[in-house]
Amino acid sequence: MKYEMPKLNYPLDGLKPRISEDTMKFHYGKHLQAYTDNLNKLIKGTEFEDKSLEEIVRTANGAIYNNAAQVWNHTFFFETLSPTAKPISGTLKAKLIATYGSIDNFKNQLMTKATGLFGSGWIWLTYNERNQLNIEATTNAGNPLQNNVTPLMTIDVWEHAYYLDYQNRRADFCEAVWDLTDWYLVEERMEKNLFNIYY
Ligand SMILES: [Fe+2]
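Residues -14 to 184 in our numbering are what the sequence shown spells out, letter by letter.
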């Protein structure tokens, strides 16, 4: 099975001015393309050739894991962003306030984790089988599926995600991701608890 590049729900310039078309050309068109091509090369003729992306992320190690997780993470990241992103509301808002005290407090904790992660990685809002929300950081190609939780949203804090637009200002990029995150989709993921779909 050959992995195809995920289709974007918006054009490459659809997230501008917060995320430029140039960034998307490199981030989606070069980085994600390279992870996808590498994954296809690496799994050819191996036990992973006919496995789903989720299975590879959960069971592989080394280069196969790294490239599979980066394909999964980027697919999820780009899917969560939208030019018509909806703000936090409904059951997600209630659950976030119950967990973090306020939306401002949740945002502060998310941003602190995102700006504080040393080096490359990903920041996640996750949901576990006990219906608890958590903010998690994973380094490099880390992916929370390995911990049996449902990812709800993510921020890519690799420099390649923001350097063209924001140079060293990771915090400004994280603000952009916050604003471009479709929180309605995040709420849907929480309500459906995709845990059962991923496993
Ligand atoms: Fe990235």
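All C-beta atoms, glycine included, are put in the ideal place defined by N, C-alpha and C. For clarity, every value in this text was computed on a predicted model and none was experimentally measured.
Under DSSP, residue 147 forms no beta bridge with any residue.
A straight line joining the alpha-carbon of residue 116 with that of residue 83 spans about 12 angstroms. Remark: C-beta atoms of residue 66 and residue 168 do not approach each other more closely than 8 angstroms. Looking at the DSSP output, residue 73 sits in no beta bridge, so it has no partner there. The residues 68, in chain order, have a CB closer than 7 angstroms to that of residue -1 in the same chain once the five nearest residues on each side in sequence are set aside. For residue 57, the distance from the CB to the nearest heavy atom of ligand 1 is not below 7 angstroms.
Around the C-beta of residue 152, fewer than 16 other C-beta atoms lie within 10 Å, and the residue is accordingly described as exposed.
The beta carbons of residue 104 and residue 124 sit closer together than 8 angstroms. Put simply, the backbone Cα of residue 172 is about 22 angstroms away from that of residue -9.
Non-local beta-carbon contacts of residue 138 in its own chain, meaning distances under 6 angstroms to residues more than five positions away in sequence, involve 65, 110, 166, 171 in chain order. Residue environment: residue 127 is assigned as buried (16 or more neighbouring CB atoms within 10 Å of its CB, all protein chains considered).
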